[in-house]
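In order, the protein sequences belong to chains A and B.
The opening residue of the first sequence carries number 1 in the UniProt record's numbering; numbering runs sequentially from there.
The opening residue of the second sequence carries number 1 in the UniProt record's numbering; numbering runs sequentially from there.
Where is the CB? At the ideal position from N, CA and C, for every residue including glycine.
Note that the structure is predicted; figures quoted are calculated from it, not measured.
There are 2 protein chains.
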Amino acid sequence: MTDLPMTVTTDGLPSAVTIYEVGPRDGLQNEKAIVPVEVKAEFVRRLVSAGLPIVEATSFVHPTWVPQLADAAELMAALGAEGRRLPVLVPNERGLDRALELGLEHIAIFGSATETFATKNLNRTFDEQFAMFEPTVARAREAGMDVRAYVSMCFGDPWEGAVPIEQVVTAGTRLLDLGASQLSLGDTIGVATAGHVTALVDAFADAGVGTDRLAMHFHDTYGQALANTHSALQSGITTFDASAGGLGGCPYAKSATGNLATEDLVWMLTGLGIDHGVDLDAVVATSVWMAGHLGRPSPSAVVRALGS
Amino acid sequence: MTDLPMTVTTDGLPSAVTIYEVGPRDGLQNEKAIVPVEVKAEFVRRLVSAGLPIVEATSFVHPTWVPQLADAAELMAALGAEGRRLPVLVPNERGLDRALELGLEHIAIFGSATETFATKNLNRTFDEQFAMFEPTVARAREAGMDVRAYVSMCFGDPWEGAVPIEQVVTAGTRLLDLGASQLSLGDTIGVATAGHVTALVDAFADAGVGTDRLAMHFHDTYGQALANTHSALQSGITTFDASAGGLGGCPYAKSATGNLATEDLVWMLTGLGIDHGVDLDAVVATSVWMAGHLGRPSPSAVVRALGS
Numbered sequence: 001m002t003d004l005p006m007t008v009t010t011d012g013l014p015s016a017v018t019i020y021e022v023g024p025r026d027g028l029q030n031e032k033a034i035v036p037v038e039v040k041a042e043f044v045r046r047l048v049s050a051g052l053p054i055v056e057a058t059s060f061v062h063p064t065w066v067p068q069l070a071d072a073a074e075l076m077a078a079l080g081a082e083g084r085r086l087p088v089l090v091p092n093e094r095g096l097d098r099a100l101e102l103g104l105e106h107i108a109i110f111g112s113a114t115e116t117f118a119t120k121n122l123n124r125t126f127d128e129q130f131a132m133f134e135p136t137v138a139r140a141r142e143a144g145m146d147v148r149a150y151v152s153m154c155f156g157d158p159w160e161g162a163v164p165i166e167q168v169v170t171a172g173t174r175l176l177d178l179g180a181s182q183l184s185l186g187d188t189i190g191v192a193t194a195g196h197v198t199a200l201v202d203a204f205a206d207a208g209v210g211t212d213r214l215a216m217h218f219h220d221t222y223g224q225a226l227a228n229t230h231s232a233l234q235s236g237i238t239t240f241d242a243s244a245g246g247l248g249g250c251p252y253a254k255s256a257t258g259n260l261a262t263e264d265l266v267w268m269l270t271g272l273g274i275d276h277g278v279d280l281d282a283v284v285a286t287s288v289w290m291a292g293h294l295g296r297p298s299p300s301a302v303v304r305a306l307g308s
Numbered sequence: 001m002t003d004l005p006m007t008v009t010t011d012g013l014p015s016a017v018t019i020y021e022v023g024p025r026d027g028l029q030n031e032k033a034i035v036p037v038e039v040k041a042e043f044v045r046r047l048v049s050a051g052l053p054i055v056e057a058t059s060f061v062h063p064t065w066v067p068q069l070a071d072a073a074e075l076m077a078a079l080g081a082e083g084r085r086l087p088v089l090v091p092n093e094r095g096l097d098r099a100l101e102l103g104l105e106h107i108a109i110f111g112s113a114t115e116t117f118a119t120k121n122l123n124r125t126f127d128e129q130f131a132m133f134e135p136t137v138a139r140a141r142e143a144g145m146d147v148r149a150y151v152s153m154c155f156g157d158p159w160e161g162a163v164p165i166e167q168v169v170t171a172g173t174r175l176l177d178l179g180a181s182q183l184s185l186g187d188t189i190g191v192a193t194a195g196h197v198t199a200l201v202d203a204f205a206d207a208g209v210g211t212d213r214l215a216m217h218f219h220d221t222y223g224q225a226l227a228n229t230h231s232a233l234q235s236g237i238t239t240f241d242a243s244a245g246g247l248g249g250c251p252y253a254k255s256a257t258g259n260l261a262t263e264d265l266v267w268m269l270t271g272l273g274i275d276h277g278v279d280l281d282a283v284v285a286t287s288v289w290m291a292g293h294l295g296r297p298s299p300s301a302v303v304r305a306l307g308s
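See the structure below:
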């Protein structure tokens with residue numbers, strides 16, 4: 001089985017993609033049982049060592065909201081100099097202050113494509129969120145930092161249902177106008193399907209935003225994440241968010257919100273002959289190791305097939 | 001959430017597809033605990049009632065090999081007149097005799113694209129399998145039956161690794177030459193990726209076999225089944241095998257061999273605006289009900305998200 005998948009290329013796909021690993025932040029943030037900081041540091045180190053070019057390490061969110069990431073400062077201290085090039089989620093200016101003190105090079109902010117989720121998650125209206133992010137992004141850029149902007153609920157929203165494509169483009173372009181270098185378009189509740197992905201990328205192109213400034217962030221709630229990735233590759237997207245072992249939310253519960261598993265993505269890219277630079281066996285071993293710490297099996301199909 | 005997924009069509013896809021439901025046969029055949037025949041009959045009836053146009057009911061294989069389906073005759077009796085239009089797998093002439101006695105209209109045979117699997121599963125060499133199938137297909141066609149031919153191990157084989165595309169085309173065309181009306185190209189161990197699917201469909205076209213005579217049968221062992229389906233749709237395939245609830249093999253074990261879940265396929269097709277005629281809620285309810293009989297949750301993402 002070591003010669004599988006068989007690599008068969010097709011026309012019209014990128015020759016290489018960048019996997020943006022979100023396991024340590026997006027994957028762990030919903031875990032109830034607190035993972036020790038030394039385990040998190042080892043998790044990050046193993047993912048970097050496996051060849052993942054970008055590993056989002058943690059979030060400087062207030063610990064009241066995300067208790068799991070209350071150890072962000074300790075984690076960054078444990079990672080030392082190596083950690084300074086890793087992106088960290090920064091919800092506001094207080095978070096930015098912490099990133100500046102540590103000399104970080106990359107931050108990410110987390111916006112919303114819908115009014116309801118902006119209100120619930122950011123305590124701002126859709127319009128107000130941009131005013132809130134403005135000083136954070138401006139100061140980060142002045143300090144020479146790179147800023148990524150997540151856009152959540154880009155396809156559907158649990159309160160509003162289907163999200164109009166033009167509303168997503170509005171949210172995205174306003175975040176780029178503030179100074180973000182890249183948008184991560186999130187299918188937060190996993191309801192995107194392949195044609196919807198194509199339409200969203202096309203709409204951004206019509207608004208002057210090329211695929212070089214877009215990343216896709218798919219969730220596998222309805223099993224669609226890799227089909228959507230295939231569609232996005234055909235639209236020219238070359239950056240994909242993924243989470244080692246499919247960490248993120250509980251895969252066995254209603255409204256499961258598991259992220260696309262890094263391993264499942266790597267398997268597909270290998271089959272398509274698209275360069276990714278990741279050592280699949282090393283990521284699988286890392287996910288099996290982390291599953292041991294979390295006390296339940298990985299929901300990733302590839303980890304289940306190869307990891308035991 | 002009832003208005004999701006949002007339907008967004010794209011160019012170049014079929015306007016309608018036929019879902020060939022394999023849950024009662026391929027899905028159940030590996031279940032260790034024997035499912036009572038009245039439960040199987042109810043399973044088939046519910047799937048038909050949910051709008052699935054073709055439901056493969058069972059197999060006339062020798063009960064030594066597949067104890068779960070030893071009740072094939074009782075099941076067909078329980079289904080009565082309605083069952084006569086449902087396909088049944090027939091491994092050989094003895095199986096055909098049983099199908100003829102019952103007045104069935106459709107049978108399926110099960111060939112192999114590889115030498116090793118032909119030897120292990122059929123006790124024949126690659127070449128010998130066609131001689132074995134010849135009288136079965138000939139007699140079935142003389143009796144006015146429609147014959148479907150499964151081709152297993154079309155992408156990879158656990159003993160031989162990657163399977164040459166020309167070998168799959170050879171197996172398929174020889175089965176069509178015997179009188180089969182349709183090939184179901186099986187990714188039995190789930191190792192296909194999207195470009196490989198395109199290449200296989202193209203190779204059949206080069207051999208004069210159009211997409212109207214091809215069905216795809218994907219397994220989700222490595223999470224690729226829906227991405228491969230998306231690719232196959234773009235190649236013009238309009239018949240897809242799927243199993244309600246993703247039944248088939250154990251999804252939580254090494255070398256898991258779960259079939260593509262009917263519900264996950266229906267969700268994608270709905271999102272793409274492709275007609276399928278299936279009532280998703282009814283299939284989900286059926287899979288939840290069957291999961292109760294089997295004593296473990298469905299591995300289908302859509303069933304997990306909607307079914308509790």
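Bridge-paired residues (DSSP) for residue i
i: residue 182 of chain B; result: B:148
i: residue 275 of chain A; result: A:16
i: residue 121 of chain A; result: Answer is none; residue 121 of chain A lacks a bridge partner.
i: residue 259 of chain A; result: A:219
i: residue 168 of chain B; result: Note: residue 168 of chain B sits in no beta bridge, so no partner.
i: residue 59 of chain A; result: A:89
i: residue 214 of chain B; result: B:183
Separation of residue j from residue i, as counted between CA atoms
i: residue 193 of chain A; j: residue 268 of chain B; result: 6 Å
i: residue 74 of chain B; j: residue 56 of chain B; result: 15 Å
i: residue 34 of chain A; j: residue 52 of chain B; result: 46 Å
i: residue 38 of chain B; j: residue 162 of chain A; result: 41 Å
i: residue 23 of chain A; j: residue 244 of chain A; result: 5 Å
i: residue 220 of chain A; j: residue 237 of chain B; result: 24 Å
i: residue 297 of chain A; j: residue 304 of chain A; result: 8 Å
i: residue 142 of chain A; j: residue 135 of chain A; result: 10 Å
i: residue 223 of chain B; j: residue 166 of chain B; result: 25 Å
i: residue 30 of chain B; j: residue 145 of chain A; result: 55 Å
i: residue 94 of chain B; j: residue 5 of chain A; result: 38 Å
i: residue 106 of chain B; j: residue 87 of chain B; result: 5 Å
i: residue 98 of chain A; j: residue 59 of chain A; result: 10 Å
i: residue 186 of chain B; j: residue 42 of chain B; result: 27 Å
i: residue 61 of chain A; j: residue 82 of chain A; result: 21 Å
i: residue 44 of chain A; j: residue 14 of chain A; result: 27 Å
i: residue 151 of chain A; j: residue 126 of chain A; result: 12 Å
i: residue 195 of chain B; j: residue 232 of chain B; result: 9 Å
i: residue 91 of chain A; j: residue 65 of chain A; result: 11 Å
i: residue 84 of chain B; j: residue 71 of chain B; result: 16 Å
i: residue 181 of chain B; j: residue 271 of chain B; result: 30 Å
i: residue 123 of chain B; j: residue 259 of chain B; result: 25 Å
Range of the contiguous alpha helix (DSSP H) that encloses residue i
i: residue 106 of chain A; result: Element bounds for residue 106 of chain A: not the alpha helix (DSSP H) but the beta strand (DSSP E), 106–112.
i: residue 200 of chain B; result: 194–206
i: residue 355 of chain A; result: In this structure chain A extends from 1 to 308, so residue 355 of chain A is not present and cannot be described.
i: residue 32 of chain A; result: Counting along the chain, residue 32 of chain A falls outside any alpha helix (DSSP H), and DSSP gives it neither H nor E.
i: residue 127 of chain B; result: 126–142
i: residue 44 of chain B; result: 37–49
i: residue 303 of chain A; result: 301–306
i: residue 76 of chain A; result: 72–79
Inter-residue CB distance, residue i and residue j (contact presumed, cutoff 8 Å)
i: residue 114 of chain A; j: residue 153 of chain A; result: 5 Å
i: residue 148 of chain A; j: residue 108 of chain A; result: 4 Å
i: residue 293 of chain A; j: residue 19 of chain A; result: Contact flag wrong, Cβ pair sits at about 22 Å.
i: residue 227 of chain A; j: residue 227 of chain B; result: 5 Å
i: residue 278 of chain B; j: residue 16 of chain B; result: That belief does not hold up - the Cβ atoms of residue 278 of chain B and residue 16 of chain B are roughly 12 Å apart, past 8 Å.
i: residue 213 of chain A; j: residue 183 of chain A; result: 6 Å
i: residue 116 of chain A; j: residue 157 of chain A; result: 6 Å
Boundaries of the beta strand (DSSP E) in which residue i is found, first to last residue
i: residue 86 of chain B; result: No beta strand (DSSP E) holds residue 86 of chain B; DSSP gives it neither H nor E.
i: residue 286 of chain A; result: Premise fails: residue 286 of chain A lies in the alpha helix (DSSP H), 280–294, not in any beta strand (DSSP E).
i: residue 240 of chain A; result: 239–242
Can you give me, in chain order, the residues of the region 178–199 of chain A that have a beta carbon less than 7 Å from any beta carbon in chain B?
Going along the region 178–199 of chain A in chain order, one finds 191, 193, 194, 195, 196, 198, 199 with a Cβ nearer than 7 Å to chain B.
Near-chain B residues of the region 138–158 of chain A - C-beta to any C-beta below 8 Å
Within the region 138–158 of chain A, the residues whose Cβ lies closer than 8 Å to some Cβ of chain B are 155, 156, 158, listed in chain order.
Along the region 265–294 of chain B, where does the CB come closer than 8 Å to a CB of chain A? Name the residues.
Answer in chain order: 267, 268, 270, 271, 272, 273.
Determine which residues of the region 215–235 of chain B have a Cβ less than 9 Å from any Cβ of chain A, and write them out in chain order.
Hits within the stretch, in order: 220, 221, 222, 223, 224, 225, 226, 227, 228, 229, 230, 231, 233, 234.
Determine which residues of the region 104–124 of chain A have a Cβ less than 7 Å from any Cβ of chain B, and write them out in chain order.
Under the 7 Å Cβ criterion, the region 104–124 of chain A contributes no residue.
By the 9 Å beta-carbon criterion, what residues does the region 161–175 of chain B contribute toward chain A?
Within the region 161–175 of chain B, contact with chain A at the beta-carbon level (separation under 9 Å) is assigned to 161, 162, 163, 165.
Taking beta-carbon pairs under 7 Å, can you tell me which members of the region 4–30 of chain A lie near chain B?
Legend: CB atoms of the region 4–30 of chain A lying less than 7 Å from CB atoms of chain B belong to residues 4, 5, 6, 8, 9, 10.
What residues in the region 58–78 of chain B have a beta carbon less than 7 Å from any beta carbon of chain A?
Within the region 58–78 of chain B, no residue qualifies.
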